């Protein structure tokens, strides 16, 4: 996939035209269409990447990750393991109780609360992992 095709897809996601992007970036008309046949300079590449909040490697088609801190499949597996570990710990320890009953003793209606707790914990773990990647990834690995 060429850089132009990636930029075009990003424009479609944002519901803007290539011409609108060129105006926003201060480029002359048809500048971005040249990406079909030419490799852009690092300054143009960085400007476009900053505009869309993606990595330059993503624009060049070297990776499928839009940002260096996006979660990988391994991260997703780790999140699910951590979530299950937390839920198992709550169930077996008896520390998580609702109206004096453990999570395992809840009725069907109250199980919805358990699912809400699970969704909340998963969201929190996912957010913490992304923030940690942003904060602790060494600059030499940020692309």
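In our numbering, the protein residues as written are 3 to 145.
Glycine included, each C-beta is placed from N, C-alpha and C at the ideal position.
Quick caveat: nothing in here was measured; it's all calculated off a predicted structure.
Residue i and residue j closer than 9 Å at C-beta
i	j	result
residue 55	residue 68	yes
residue 29	residue 46	yes
residue 27	residue 6	no
residue 89	residue 135	no
residue 20	residue 8	no
residue 17	residue 24	no
residue 149	residue 53	The structure shown has nothing for residue 149, since the chain only spans 3 to 145.
Residues near residue i in its chain [Cβ-Cβ closer than 7 Å; skip 5 each side]
i	result
residue 81	124, 127, 128 and 131
residue 62	5
residue 49	27
residue 42	5
Where residue i sits in the DSSP three-state scheme
i	result
residue 127	helix
residue 139	coil
residue 18	coil
residue 4	coil
Own chain, CB closer than 8 Å to residue i, minus 5 neighbours either side, in chain order
i	result
residue 51	57, 58, 60 and 61
Q. Which residue spans inside the region 31-96 form an unbroken alpha helix (DSSP H) run of at least 4?
A. Taken in chain order, the complete alpha helix (DSSP H) segments of 4 residues or longer contained in the region 31-96 are 44-54, 58-61 and 75-95.
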